[in-house]
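According to this note's numbering, the sequence shown is numbered sequentially starting from 1. All C-beta atoms in this analysis are idealised placements derived from N, C-alpha and C, irrespective of residue type, glycine included.
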Amino acid sequence: MTHGLPDFTSAQVLVIGDVMLDRYWHGTTSRISPEAPVPVVQVTGREDRPGGAGNVAVNVAALGAEVTLLGLIGADEAAAALRSLLAHRGVHCCLERLPNIATLTKLRVISRHQQLIRLDFEDDFIPAHGEALLPAYSTALRGKSVVILSDYGKGTLQEPQRLIALGREVGMPILIDPKGADFSHYHGATIITPNLAEFETVVGPCPDEASLVWKGEQLRQQLALKALLITRGEQGMTLLEQGHSPVHLPTEAREVFDVTGAGDTVISVLGAALAAGGTFKEATLLANQAAGIVVGKLGTASVTRDELQQALHPRAIRRGITSEEELLHFINLARSRGECIVMTNGCFDILHPGHVNYLAEARQLGDRLIVAVNDDASVQRLKGKNRPINSLAQRLAVLAALHDVDWVVPFSEDAPARLIERVLPDILVKGGDYTPEQVAGANAVVANGGKIIILTYQQGCSTSQIIDIIRKNQGDAF
């Protein structure tokens, strides 16, 4: 696995832990409530995602590995939504349904990429309920390559020692994302992955790498671990492995939007890579790359194999004329690098200095510029039967040749609201006398945390004026 990615399809991973549903309500804020000094959010979109151990399982599945998830859920609407989401993402579920217990649910209200409040709906699972998973766990161990225990301290993993012992009986590597101030519960596991705050809560402050390594090695030996992986936020990661020198990896994050679920991503990629035959060091390198990608996304999110491949082997993303589906792929690659996406649209029938200056100004707002172009039929509907002057192919070719334009994509509707809602650029640009509310797709972009920017219209430059001048001069010799 020293070159490229492992064959994740050969990996068989078992995940057990605190399963939860993450809910996101997106909206705009423009005023303060008269009832209390809090913002009023006009909810424009709702989204559900698997959280906790469910997010770990989804991350494993996103890499192409086979994954089975064990956990506890309630007998409620949230449980049904969670089952459906997990099945849709290719996770094989063995979820124990408990009557009179609420499915663990976290509701986040978000505006402009900022989390305003989180509401938790949960009942602690008593130890007796955790024991209900033991028969299914023993059965699910068969044929697996790795077991991941995802502990969020909600009660599913009240007695991890029994799970560790059962795994060790069949020679199964046990990976644990720990919780709490007592790591002795995880004695005998293969590797645990605390973050720096969790680690220092157990061993005390570590003002430098020397003390981190010394205290980490003491903890590794006390718990009889083969390895200890400490995730250190902006300082990267440190791997302490039995019989090997410490490995310190710098962070791979380009821009941090949200650290929610970053620990889930680390242990899922670590587990999938080990299950596919990688060493601890190789698996940690991949987990570090994945963490750098996922913190650039909003909320609990997963990292795909393509994104991980791109991060490991950066290459130039093809520019120029593209289809809608290709464009979405290129955007995902660009965003995995932390790049800001700008988008605009128009007919661009006869390219003139006003267009060129406008596109140059738009490009300065971000890292990538998308130009969506009306097809010939929509131009005729908008401009009249004698338009366009230049065909769609000609207009696309001219725009694609501009240095400031990254991608040119056609659309067939009069306005590109549908396309914009799929792309969801970070910045949507329009020129002329528009107001932000009049821009097609603006509501979706703003609800997703993006911005609408209106650029100044350049007087004296328009396609209609150029056409009028040509018509007046048709009789001249030149």
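Coil, strand or helix - residue i by DSSP
i, result
"LEU95", "strand"
"LEU440", "Looking at the sequence shown, residue 440 is not Leu but Ala. Coil at ALA440, not helix or strand."
"PRO353", "helix"
"ASP264", "helix"
"LEU327", "helix"
"SER302", "coil"
"ILE454", "strand"
"GLY366", "coil"
"PHE183", "helix"
"ARG111", "For clarity, residue 111 is Ser in the given sequence; the question names Arg instead. If DSSP states are grouped into helix, strand and coil, SER111 belongs with the strands."
"ALA477", "Per-residue confidence for ALA477 stands at a pLDDT of 38, beneath the threshold of 50, marking its modelled position as unreliable; the derived number appears in the next sentence. Residue state, collapsed to three classes: coil."
"PRO135", "helix"
"ARG118", "strand"
"ASN100", "coil"
"THR344", "strand"
"VAL408", "strand"
"LEU402", "coil"
"GLU198", "helix"
"LEU63", "coil"
"ILE317", "coil"
"LEU333", "helix"
"ARG418", "helix"
Same chain, Cβ closer than 7 Å to residue i, neighbours up to 5 away in sequence not counted
i, result
"VAL445", "ILE420, LEU424, PRO425, LEU428, ILE452"
"ASP109", "According to the sequence as given, residue 109 is Val; it is not Asp. Contacts found: TRP25, VAL41, LEU116, ILE117."
"HIS355", "PHE348"
"ALA181", "THR201, VAL202"
"ASP7", "ALA276"
"ASP120", "LYS106"
"ALA81", "LEU21, ASP48"
"ASP404", "LEU359, ALA360, ARG363, LEU369"
Close beta carbons around residue i, own chain, < 6 Å, minus the five adjacent residues each side
i, result
"LEU351", "VAL398"
"ASP476", "Note that ASP476 scores 47 on pLDDT, short of 50, meaning its location in the model is unreliable; the coordinates nonetheless yield the value given after this. Here the set comprises nothing."
"HIS248", "THR238"
"HIS20", "The residue you asked about is not His; residue 20 is Met in the sequence shown. Taken in chain order, the residues that qualify are GLY51, GLY52, LEU104."
"ALA95", "Looking at the sequence itself, residue 95 is Leu, so the reference to Ala does not match. The residues are GLY71, ILE73."
"GLY167", "VAL147, ILE174"
"ALA417", "ALA440, GLY441"
For residue j and residue i, the rounded distance between their alpha carbons
i, j, result
"GLY17", "GLU361", "50 Å"
"GLN242", "GLN218", "11 Å"
"TYR152", "PRO178", "8 Å"
"ALA11", "ALA57", "13 Å"
"ALA224", "GLU35", "56 Å"
"THR9", "SER268", "14 Å"
"HIS26", "ASN448", "7 Å"
"GLY320", "TYR358", "18 Å"
"THR29", "GLY292", "29 Å"
"ASP208", "LEU98", "46 Å"
"GLU148", "ALA165", "Before going further, note that residue 148 is Ile rather than Glu in the sequence given. Approximately 14 Å between the Cα atoms of the pair."
"PRO436", "GLY90", "40 Å"
"LEU333", "GLY236", "22 Å"
"GLU325", "GLN161", "48 Å"
"GLN380", "ALA440", "19 Å"
"VAL303", "LYS385", "48 Å"
"ALA442", "LEU157", "45 Å"
"ALA75", "LEU328", "38 Å"
"GLN289", "PRO246", "18 Å"
"SER378", "ALA78", "44 Å"
"THR68", "ALA61", "9 Å"
"GLU483", "HIS185", "Since the first residue shown for the chain is 1 and the last is 478, residue 483 is missing from the structure and cannot be characterised."
"TYR137", "HIS187", "19 Å"
"VAL373", "ILE341", "17 Å"
"ILE317", "GLY338", "14 Å"
"LYS281", "LEU240", "9 Å"
"ARG31", "VAL38", "9 Å"
"LEU274", "ARG368", "36 Å"
"VAL256", "LEU382", "Low local confidence applies: a pLDDT of 44 at VAL256 is under 50, so the model's placement there is unreliable, and no value is given."
Contacts around residue i, its chain only, beta-carbon distance under 8 Å, and the 5 residues preceding and following it disregarded
i, result
"LEU270", "LEU175, ILE191, THR193, LEU229, ALA283, THR284, LEU286, ALA287"
"HIS3", "Caution applies to HIS3, whose pLDDT of 44 falls short of 50 and renders its modelled position unreliable; the value that the coordinates give is listed next. Around HIS3: no qualifying Cβ."
"ALA262", "THR231, ALA291, VAL294, VAL295"
Whole-Å CB distance - residue i paired with residue j, under 8 Å assumed
i, j, result
"LEU497", "ARG23", "The requested residue 497 does not occur in the structure, where the chain is confined to residues 1 to 478."
"ARG335", "LEU5", "That belief does not hold up - the Cβ atoms of ARG335 and LEU5 are roughly 19 Å apart, past 8 Å."
"VAL408", "ALA400", "5 Å"
"ILE454", "ASP406", "With a Cβ gap of about 21 Å, ILE454 and ASP406 do not count as contacting."
"PHE411", "ASP375", "7 Å"
"THR238", "ASN59", "Not a contact, Cβ separation roughly 22 Å."
"SER145", "VAL15", "About 12 Å separates the two Cβ atoms, so there is no contact after all."
Within-8 Å CB hit, residue i to chain C
i, result
"ALA79", "In the structure shown, chain C cannot be found, because there is only a single protein chain."
message = Extract the residue ranges of the beta strand (DSSP E) inside the stretch 140-170, only unbroken runs of 3 or more that lie entirely within it.
response = Runs of the beta strand (DSSP E) inside the stretch 140-170: 146-150.
query = What runs of the alpha helix (DSSP H), each 4 residues or longer, lie entirely inside the stretch 206-291?
reply = Within the stretch 206-291, the complete alpha helix (DSSP H) runs of at least 4 residues are 209-222, 262-275.
inquiry  = So within the stretch 366-393, which uninterrupted alpha helix (DSSP H) runs reach at least 4 residues, ignoring any that extend past its ends?
reply    = 376-383, all fully within the stretch 366-393.
ask   = Which residue spans inside the stretch 1-46 form an unbroken alpha helix (DSSP H) run of at least 4?
value = Counting only runs of 4 or more, we get nothing.
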